[in-house]
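As numbered in our numbering, the sequence shown has no gaps in its residue numbers, which increase by one up to the final residue, 132.
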Amino acid sequence: MAGIIRNHAGKTIEIGGMPDHIHCLVRFPARKSVSDMLRAIKSDSSSWVNHERPGDRFAWQTGYGAFTVSPSQVENVSLYIRTQEEHHRDRSFQTEFLSLLKKHSVEFDERYLWD
């Protein structure tokens, strides 16, 4: 994924995944929208997985969550990504994501979060 991000003018700071989700902390130029970057990352990575493992059909879910991070919090977010497994021992991804949305006052309809 870091190579895909680099190919789209981004810089990877941290990437970490769990079986049901992935976190990417990246920088990209202002001329690149979040939706364009995520479309490229998801498209290119799913193409790669499907090429490498032709018997296993892989696809990302339709949506995504994206948050900006102030420079003063980059190290904290990076550490969080590196220690995801520890966080998810006590708290599911769904519970954590709902908590983030609420904490940052993001309006949502839970019927459409988990497609």
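Where is the CB? At the ideal position from N, CA and C, for every residue including glycine.
* Asked: What does Leu42 pair with, by DSSP beta-bridge criteria?
  -> Glu31
* Asked: How big is the Cα-Cα spacing for Phe84 and Lys120?
  -> For Phe84 and Lys120, the gap between their C-alpha atoms comes out near 12 Å.
* Give the single residue among Ser60, Ser95, Asp126 and Ser109 whose Cα lies nearest to the Cα of Thr29. => Ser95
* To do: May I ask whether a heavy atom of the ligand COA can be found less than 8 Å away from the beta carbon of His40?
  => Summarising the ligand content, the structure contains no ligands, and the ligand COA is consequently not present.
* Asked: How big is the Cα-Cα spacing for Arg48 and Gly80?
  -> 21 Å
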